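Here the sequence shown stands for residues 5 to 169, numbered as in this note's numbering.
Cβ atoms here follow ideal geometry from the backbone N, Cα and C, with glycine treated the same way.
Only a predicted model underlies this, so the values are computations on that prediction, with no experimental measurement involved.
Encoded as structure tokens, the structure appears first; notes follow it.
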Amino acid sequence: MARFLITIEYDGTDYVGWQRQDSGASVQQCLEEAASAVIGGRAPVTIYGAGRTDARVHATGQAAHFDLPTNIDAYKLPLALNAHLPPDIRVLHAAQVGDEFHARFDAIGRAYRYRIYTRRISSPLLLGRVWQVTQDLDVAAMQKAAERLLGTHDFTSFRAGQCQS
């Protein structure tokens, strides 16, 4: 077995999120099917993401890992996977890593970007990509409130009962 770390980006508009679900197509499902296709469908492949996104959420630079029962040149792996992926999901980079590596538990950080669009007239180019607010925002008050989010916090009370995040 060979373990690979991949870096991916995707437009999540048409997906139920990262995690495989019965309610629709997920990014994880598409990647797992592509990885299985790369090895000729010989075995199912489970992909572990560094994090999860919700429905219709996009990602850049997301890390994930998986094991393949055969050794493939990591340099060729992105093109091989992308040949089996829809155009709104792309593998940008791949590297072979040690068996002890885990994308979720070895992640050193996560960053989230929320875009607020404040123009009075909407932009057709930004539909579905920003939150449009037509009234004036108090940026100073927003920055003051955001300062309370800096640092390390325990948000376990906000997660679902079975969640292990």
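- To the nearest angstrom, report how far apart Val95 and Val42 are at their CA atoms. Their Cα atoms are separated by approximately 13 Å.
- Considering only the beta carbon of each residue, do Ala98 and Leu35 sit closer than 9 Å? Not closer than 9 Å, so no.
- Query: Beta carbon of Arg117: closer than 8 Å to some heavy atom of the ligand PLP?
  - Reply: Annotation note on the ligand PLP: not contained in the displayed structure, which lists no ligands.
- Task: Just tell me which of Pro82, Ala6, Asp71 has its CA closest to the CA of Ile12.
- Result: When only C-alpha atoms are compared, the closest one is Pro82.
- According to the neighbour-count rule (16 or more other Cβ atoms, all chains shown, within 10 Å of its Cβ), is Ser30 buried or exposed? With 16 or more other Cβ atoms from the protein chains shown falling within 10 Å of its own Cβ, Ser30 counts as buried.
- Task: Let me know the alpha helix (DSSP H) ranges lying completely inside the region 45-103, each 4 residues or longer, listed in chain order.
- Result: DSSP assignment within the region 45-103 yields the following whole alpha helix (DSSP H) runs of 4 residues or more, N-terminal first: 81-86.
- Taking all protein chains shown into account, decide if Trp135 is buried (16 or more other Cβ within 10 angstroms of its Cβ) or exposed. Looking at its Cβ environment, which holds fewer than 16 other Cβ atoms inside 10 Å, Trp135 is exposed.
- Query: From the DSSP output, which residues share a beta bridge with Leu9?
  - Reply: DSSP output for Leu9 lists His69, Ala99 as bridge partner(s).
- Query: If you compare alpha carbons, which of Arg114, Val143, Glu104, His106 is closest to Thr122?
  - Reply: Minimum Cα distance to Thr122 is reached at Val143.
- Same chain, Cβ closer than 6 Å to Val61, five either side skipped, listed in chain order: Within the same chain, Val61 has close Cβ partners Gly16.
- Item | Straight-line gap, Gly113 to Gln23 (C-alpha atoms, nearest Å) | Distance between Gly113 and Gln23, taken at the CA atoms: about 19 Å.
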